[in-house]
Amino acid sequence: MKNFIVTVLLFTMIISSQNFVDKDKLYSAYVLKENREKFISNLENRIKNRFDVKNIVNEKEWLSILEDIELSNYIPSNFEMILRNAFNDSSNKSDLFRRRIIEASYTFFPNSFIDEISALYSITKDENVKAIAGYYLVKSDSSQIDTAEFISDLKLSFPNWEKSPLLFYLVNTLSYDKERPNLTELLKHNFNSNKTIVYSLQRENRKNKGLVVIKNSKGEFVRNDDGTFFANPHLGLSVTNLPGIFRNGNTPQGIYSLVGTYVSPTETIGPTPNFIMRIPFEKPTSLFYHKKNKYDNWVIEDYKDILPESWKEYLPIYESFYAGKFGRKLIVSHGSTDNDTYFKDYPTYPILPTKGCLSSKEIWDETTGKLKESDQVELINALLKSGSTFGYVVVINIDDQEKDVTIDEIEKYLIEAEK
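In short: position in the sequence shown from 1, add 122, done, that's the working numbering.
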């Protein structure tokens, strides 16, 4: 309750008299140069003393350091050797540990651990480890295993695979080739809510920036003061760049409930307000469907019922449903105070990848702690301009082009959807 009160007070303080977030009121001590340098210095010491070891004693601490490396993109010079030692020491470790070192291998060394991951793939009884190990091998340059063999292995290893949200979705999407339904129908649809709908339009390869637009309850897309459509770059990229069905994967495609805004207490997210988004299964159905659910328990029929007719049989839009059933949660749309020093050459810079959330560009002054540029502030203000902070967020991959999504290619669909 105390954290909730503090969050409400913080949000109230940064709202201007015109009921919009004032960028100039935002401050973060976390972004100050001395604090960023302190974080890296501390990380270097932790890597040297607790991470770069042959015998890993504290598994939880080791994984915490790994996460900080991923989120800061501060890569030790001998990172590949450290991971190799971790594989050698993994026989007496947890399945979580094995899954995480495979994730890191996929992210940083997609072709360097074929033998180690093949060995884990052949012996593991854990569906998470089996799935991510097989995915690594399929996507690598090796010919260890192809998609058809991987699907066959999963079905053979787990006879009840259809009851697993991870395996069911993975098996059915690995070779999925159904054409995406009409985008205009998705943009026109009100999802049985007559509330605000936020659309995050992404590419298959999430290292291409997506685009976010907002539609109000009247079916009109929010516009800028000059009459042009509000449309900002939006990232749905996890540091792992794995599919959204995996625990630490990209933001899953599909529908999320939008239930307001808040200021996160997490230092690395910062003081700019975020969307409160709920993935299926995270909260009761009455909250997710804004009390328009037919069933009290989570069933796919309610989810299917809010989709446009032509999208009801399109499996990728159900990824958030299966990911939520699998246990993914706490996915929001936020800015960032993370140290961007080691992301300068990253393809999505200056927008930084996350642990699976949607994210917007924020550039902070390391000297003053003030916010210099913020697409997140613009996004929140566009949401406030829509007239409601409740409704749905729709995340969808529109195609597999290797370029950022732009308003120039989307505008015609927005115009058509408003008719």
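For each residue, glycine too, the CB sits at the ideal point set by N, CA and C.
Being a predicted model, the structure only gives us computed values, none of them experimental.
Can you tell me where the beta strand (DSSP E) holding residue i begins and where it ends?
i           : result
residue 396 : 396-400
residue 446 : Where residue 446 is concerned, there is no enclosing beta strand (DSSP E), although the alpha helix (DSSP H) it sits in stretches over 441-448.
residue 337 : 332-337
residue 512 : 512-521
residue 355 : 354-356
residue 320 : 318-325
residue 360 : Segment: none, residue 360 is in no beta strand (DSSP E) and carries neither H nor E.
residue 380 : 376-384
For residue i, collect the residues of the same chain with a Cβ closer than 7 Å to its Cβ; drop the 5 residues on either side in sequence, then sort them by chain order.
i           : result
residue 404 : 446 and 451
residue 209 : 223, 235 and 238
residue 540 : 341, 342 and 343
residue 141 : 506
residue 263 : 233
residue 338 : 318, 344, 508 and 509
residue 323 : 332, 333, 518, 520, 527 and 532
residue 430 : 307, 308 and 311
residue 396 : 383, 384, 386, 454, 455 and 456
residue 225 : 254, 362, 364 and 370
residue 161 : 461
residue 291 : 367, 441 and 444
residue 470 : 329, 331, 357 and 359
residue 228 : 258, 362 and 364
Residue i to residue j, Cα distance in whole Å?
i           : j           : result
residue 231 : residue 255 : 13 Å
residue 295 : residue 440 : 11 Å
residue 164 : residue 317 : 46 Å
residue 261 : residue 490 : 44 Å
residue 197 : residue 158 : 16 Å
residue 329 : residue 473 : 10 Å
residue 348 : residue 354 : 15 Å
residue 199 : residue 366 : 29 Å
residue 171 : residue 183 : 11 Å
residue 444 : residue 147 : 39 Å
residue 285 : residue 485 : 44 Å
residue 320 : residue 435 : 22 Å
residue 438 : residue 352 : 26 Å
residue 167 : residue 383 : 37 Å
residue 219 : residue 189 : 12 Å
residue 240 : residue 206 : 14 Å
residue 426 : residue 420 : 12 Å
residue 139 : residue 492 : Confidence is the limiting factor: at residue 139 the pLDDT is only 44, short of 50, which leaves the residue's position unreliable and the question unanswerable from this model.
residue 522 : residue 214 : 40 Å
residue 300 : residue 257 : 21 Å
residue 413 : residue 358 : 28 Å
residue 187 : residue 315 : 43 Å
residue 391 : residue 480 : 11 Å
Quick check on residue i: buried or exposed, where buried means 16 or more other Cβ atoms within 10 Å of its Cβ?
i           : result
residue 374 : buried
residue 511 : buried
residue 530 : exposed
residue 387 : exposed
residue 293 : buried
residue 535 : buried
residue 460 : buried
residue 393 : buried
residue 552 : Outside the shown range of the chain (123 to 541) lies residue 552, about which nothing can therefore be said.
residue 276 : buried
residue 501 : buried
residue 350 : exposed
residue 128 : For residue 128, the pLDDT reaches just 48, beneath the cut-off of 50, and the residue's location in the model is therefore unreliable, although a value from the coordinates is still provided. Counting Cβ neighbours within 10 Å, residue 128 comes out exposed, since fewer than 16 surround it.
residue 402 : buried
residue 244 : exposed
residue 467 : exposed
residue 145 : buried
First and last residue of the alpha helix (DSSP H) that includes residue i?
i           : result
residue 146 : Careful: residue 146 lies outside any alpha helix (DSSP H) and carries neither H nor E.
residue 498 : 497-507
residue 154 : Element bounds for residue 154: n/a, residue is neither H nor E.
residue 484 : Element bounds for residue 484: not the alpha helix (DSSP H) but the beta strand (DSSP E), 484-486.
residue 532 : 529-540
residue 273 : 269-279
residue 307 : 305-310
Please go through the same chain and pick out, in chain order, the residues whose beta-carbon is closer than 6 Å to the beta-carbon of residue i, but skip the five residues on each side of it.
i           : result
residue 192 : 361
residue 217 : 248 and 251
residue 303 : 432, 433 and 436
residue 515 : 320, 378, 380 and 399
residue 538 : 306
Within the same chain, show all residues whose beta-carbon is closer than 8 Å to that of residue i, passing over the 5 residues directly before and after it, in chain order.
i           : result
residue 211 : 176, 177 and 178
residue 424 : 407, 411, 415, 416 and 417
residue 143 : 136, 137, 394, 395, 499, 502, 503 and 506
residue 118 : The chain is shown only over 123 to 541; residue 118 falls outside these bounds and no answer can be derived.
Taking 7 Å as the cut-off, does the CB of residue i come closer than this to any heavy atom belonging to the ligand MN?
i           : result
residue 370 : Questions concerning the ligand MN fall outside what the structure shown contains, since it holds no ligand whatsoever.
Would residue i pass as an interface residue toward chain D - the criterion being a Cβ-Cβ separation below 8 Å?
i           : result
residue 447 : Chain labels in this structure do not include chain D; a single protein chain is all it has.
*asked:* Quick check for students: name the residue ranges of the alpha helix (DSSP H) that lie wholly in the stretch 189-263, counting only runs of 4 or more.
replied: 201-210, 217-230, 236-245 and 249-261
*Which runs of the beta strand (DSSP E) spanning at least 3 residues fall entirely within the stretch 389-438, listed in chain order?*
396-400
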